[in-house]
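Colleague: Mind looking over this structure? Questions follow.
Chains as they are written, first to last, in this note's numbering: chain Y, 4 to 346; chain D, 4 to 346.
Next up, the structure:
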């Protein structure tokens with residue numbers, strides 16, 4: 004781990020406890036208990052709190068205050084509860100994971116059973132629905148001037164709509180062999196990147212930043228999210244299963260399109276024939292190694308790495324609208340961190 | 004049908020086309036088409052548009068204008084798009100039906116297959132999630148002053164949370180034999196009545212009505228919703244299957260608690276033994292008739308009728324804060340209509 008990575012991890016870590024405390028306070032396990040326990044289950048199971056940390060850092064960067072010197076529950080001269088917005092974004096993330104796990108019939112999440120496995124599908128649907136409205140309730144509790152609250156809520160609502168659209172596109176693409184890289188990146192923007200954009204732009208809106216700053220932060224968040232997903236796709240191919248926490252090459256096995264396989268396809272590689280076994284259970288580590296070798300040979304791994312790097316650098320440049328300082332440096336560091344991480 | 008009922012039906016009918024047009028405009032079937040088709044499927048399959056009609060009538064009653072004389076898309080001197088709020092409430096209703104049908108594994112809704120049957124469970128979950136955020140987007144498009152928009156959104160978000168809580172309570176009660184009438188009514192308030200309350204209170208908020216008026220309308224909506232549910236429970240027992248559109252006595256067959264069966268239980272009737280057959284498919288019309296006869300004998304049918312009537316009358320009295328006029332009369336008529344309907 005580089006010194007920069009260590010600094011970024013410390014910055015995220017340094018805000019995690021405050022985020023966790025706020026989640027516990029804003030989402031108490033109240034009647035009906037089973038519903039609220041299920042709603043909290045995944046939130047309590049862990050998670051880096053990357054998006055809330057980004058949101059809090061943006062608040063600090065926008066206002067030019069030294070990190071961790073302001074009270075997040077009464078931030079700046081207007082005493083805005085910026086933490087309520089951070090919780091809102093994390094709660095949306097949790098809601099989407101719960102519903103996605105039902106849709107994909109995934110059994111595990113964050114090392115624990117998915118909510119629909121630990122409870123049941125009915126409770127998991129309802130827990131997700133509850134978190135959905137709770138996220139809006141949280142975003143309404145920042146105490147920001149009403150015109151800014153309205154804009155933050157617009158951002159939150161359109162973000163949620165886009166996440167749903169992205170998930171629908173992801174499902175639709177599974178049945179199609181002719182998805183283009185452009186379509187794939189559009190799907191990633193909808194499904195993954197918009198929530199980073201919301202995390203980056205909403206604090207600026209709530210704190211009354213200029214439109215130019217809000218737009219730049221939105222672009223930063225989108226780029227960070229895009230690069231995050233490309234790196235995720237790369238790690239699936241290049242990281243040993245035991246470090247990945249799931250089967251290496253699972254995207255290849257499932258026939259999922261990514262920037263890597265779409266590039267290889269365009270280079271004439273028959274990507275559906277890369278793993279020449281009918282039964283996913285028969286796929287060996289050697290099969291994966293050979294398939295990745297062919298993708299490397301086609302230049303597809305390098306292509307995706309270069310793309311993720313370029314998107315990250317573009318995202319970092321967008322931060323130039325912010326005052327220089329530690330918070331801005333850390334936001335740039337987060338962008339690097341997400342594309343340099345090895346798991 | 005009484006003259007009053009005819010007038011109420013005409014008032015709802017007279018607003019339905021405008022509501023349908025606004026739904027089509029605010030929820031266009033755009034990319035990804037399958038997602039938006041599934042999201043629109045139930046909305047397009049019918050429905051009385053009772054809640055949007057109530058919302059539009061409240062707007063007219065609060066401002067004291069003659070019904071159907073103002074443009075709902077630019078209502079009053081501030082030209083507020085009150086129709087956007089009406090669509091928002093209907094969209095929330097549709098989202099809850101789609102997810103409820105998945106949870107209850109119901110096959111039919113409004114005479115057509117449930118969304119998870121017509122499409123699939125994944126698409127139905129996602130269609131509901133999409134409608135959820137679209138409802139917030141609609142509520143943000145009224146053009147009302149920001150402080151009122153924030154209050155309307157608060158009302159919408161807390162309403163959604165309560166609907167989820169109500170659904171969770173409903174599920175939890177199925178496994179309990181000791182539910183009290185008070186608990187049942189609390190569940191009904193959460194699951195059903197709060198959306199009527201939102202439909203009645205939100206236009207008043209958006210149009211800047213006094214707090215007293217908003218509170219009274221909220222109370223009116225809650226009472227209308229409570230009485231609506233009690234009448235629903237009564238109709239399940241007293242209406243022939245062919246008119247009901249589902250098996251008469253289905254609540255009894257499923258062992259669902261209602262005001263009727265809870266009263267009977269408190270009178271010493273063994274309500275779980277009312278239908279003495281192990282297999283629901285074996286239940287005959289004569290079995291239902293006999294069971295309803297015992298509930299009548301215990302005074303439970305009359306008890307529920309009286310309760311629904313009293314709640315309705317209380318709801319109507321709350322309208323006295325509004326200016327007299329046709330819109331107010333129609334709102335009182337809706338309260339009567341819902342408790343007098345025979346299907």
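Even glycine gets a Cβ: it sits at the ideal position worked out from N, Cα and C.
Could one say the Cβ of residue 393/Y lies closer than 8 angstroms to chain D's Cβ atoms, at least one of them?
Modeller: Only positions 4 to 346 of chain Y appear in the structure, and residue 393/Y is not among them; the question remains open.
Colleague: Taking C-alpha atoms, which residue in 338/Y, 224/Y, 151/Y, 109/Y lies nearest to residue 249/Y?
Modeller: 109/Y
Colleague: Could you work out which residues of chain Y lie near residue 37/D, taking near to mean beta carbons separated by less than 8 angstroms?
Modeller: Under a criterion of Cβ atoms nearer than 8 angstroms, the residues of chain Y adjacent to residue 37/D are, in order, 171, 175.
Colleague: So, under 8 angstroms CB-CB, residue 229/Y and residue 242/Y are touching, yes? Tell me the CB distance rounded to an integer number of Å.
Modeller: Not quite, the Cβ-Cβ distance comes to about 20 angstroms (not below 8 angstroms), so this is no contact.
Colleague: Report the neighbours of residue 137/D on chain Y: residues whose CB is nearer than 7 angstroms to its CB, in chain order.
Modeller: Under a criterion of Cβ atoms nearer than 7 angstroms, the residues of chain Y adjacent to residue 137/D are, in order, 164.
Colleague: What are the boundary residues of the alpha helix (DSSP H) that residue 99/Y is part of?
Modeller: Per DSSP, residue 99/Y belongs to the alpha helix (DSSP H) from 85-107.
Colleague: Might you give, ordered along the chain, the residues of its own chain that have their beta carbon closer than 6 angstroms to the beta carbon of residue 256/Y, omitting 5 neighbours on each side?
Modeller: Here the set comprises 283, 286.
Colleague: Suppose you measure from the CA of residue 94/Y to the CA of residue 8/Y; what does that come to, to the nearest Å?
Modeller: 26 angstroms
Colleague: Could you round the C-beta distance between residue 301/D and residue 276/D to whole angstroms and report it? I think they count as a contact, below 8 angstroms.
Modeller: Residue 301/D to residue 276/D, Cβ: 13 angstroms. No contact.
Colleague: May I have the straight-line CA-CA distance separating residue 42/Y from residue 236/D, to the nearest angstrom?
Modeller: 30 angstroms
Colleague: Does residue 153/Y have its Cβ less than 8 angstroms from a Cβ in chain D?
Modeller: yes
Colleague: Under 9 angstroms Cβ-Cβ, which residues of chain Y neighbour residue 128/D?
Modeller: Going along chain Y in sequence order, the residues near residue 128/D (Cβ under 9 angstroms) are 102, 105, 106, 128, 131.
Colleague: Does residue 183/Y get closer than 8 angstroms to chain D when you measure Cβ to Cβ?
Modeller: No - not a single Cβ of chain D is within 8 angstroms of the one on residue 183/Y.
Colleague: Output the distance between the C-alpha atoms of residue 215/D and residue 182/Y, rounded to the nearest integer angstrom.
Modeller: 57 angstroms
Colleague: Check whether the Cβ atoms of residue 168/D and residue 193/D lie closer than 8 angstroms to each other.
Modeller: yes
Colleague: Give me the chain D residues within the contact set of residue 56/Y, using Cβ-Cβ distance strictly less than 9 angstroms, ordered along the chain.
Modeller: Within chain D, no residue comes near residue 56/Y; the closest Cβ sits about 24 angstroms away, beyond 9 angstroms.
Colleague: Is residue 154/D helix, strand or coil by DSSP?
Modeller: The answer is helix: DSSP assigns residue 154/D an H, G or I state.
Colleague: Please report the residue range of the alpha helix (DSSP H) in which residue 226/Y lies.
Modeller: 214-241 is the span of the alpha helix (DSSP H), which, as asked, contains residue 226/Y.
Colleague: By DSSP's criteria, residue 143/Y is part of a beta bridge. Which residues make up the other side?
Modeller: Beta-bridge pairing links residue 143/Y to no other residue.
Colleague: For residue 137/Y, count neighbouring Cβ atoms within 10 angstroms of its own Cβ and tell me buried if that reaches 16, exposed if not.
Modeller: buried
Colleague: Answer with buried or exposed for residue 34/D, where buried requires no fewer than 16 other C-beta atoms within 10 angstroms of its C-beta.
Modeller: exposed
Colleague: What does DSSP give as the partner residue(s) for residue 76/D in the beta ladder?
Modeller: Looking at the DSSP assignment, residue 76/D forms no beta bridge with any residue, so it has no partner.
Colleague: Can you check DSSP and say which residues form a bridge with residue 116/D?
Modeller: 111/D
Colleague: Kindly list, in the order they appear in chain D, the residues whose Cβ is closer than 7 angstroms to that of residue 160/Y.
Modeller: 136, 139, 140, 143
Colleague: Straight-line CA distance for residue 172/D to residue 323/Y?
Modeller: 51 angstroms
Colleague: Only counting the same chain, and skipping five residues up and downstream in sequence, which positions put a Cβ closer than 7 angstroms to that of residue 32/Y?
Modeller: 39, 40, 43
Colleague: Mind pulling the chain Y residues with CB within less than 7 angstroms of residue 45/D?
Modeller: Neighbours of residue 45/D in chain Y, taken as residues at a C-beta separation under 7 angstroms, are lacking, since the least C-beta distance is about 16 angstroms.
Colleague: Work out the CA separation of residue 56/Y and residue 26/Y for me, nearest whole Å.
Modeller: 13 angstroms
Colleague: At which residues does the alpha helix (DSSP H) containing residue 296/D begin and terminate?
Modeller: 288-300
Colleague: Relative to the C-alpha of residue 232/D, which residue among 113/D, 213/D, 190/D is closest?
Modeller: Closest option to residue 232/D, Cα to Cα, is 190/D.
Colleague: Does the beta-carbon distance from residue 200/D to residue 141/D come in below 8 angstroms?
Modeller: Cβ atoms of residue 200/D and residue 141/D: not closer than 8 angstroms.
Colleague: Could you give the distance in angstroms between the alpha-carbon of residue 54/Y and the alpha-carbon of residue 20/D?
Modeller: Between residue 54/Y and residue 20/D, the C-alpha separation is close to 43 angstroms.
Colleague: Less than 8 angstroms separating the beta-carbons of residue 68/Y and residue 336/Y?
Modeller: no
Colleague: Determine the direct distance from the alpha carbon of residue 132/D to that of residue 75/D, and round the result to whole angstroms.
Modeller: 27 angstroms
Colleague: What residue from 104/D, 320/D, 184/D, 208/D has the CA that sits closest to residue 147/D's CA?
Modeller: 208/D
Colleague: Between the Cα of residue 305/D and those of 318/D, 225/D, 262/D, 327/D, spot the shortest distance and give me the residue it belongs to.
Modeller: 262/D
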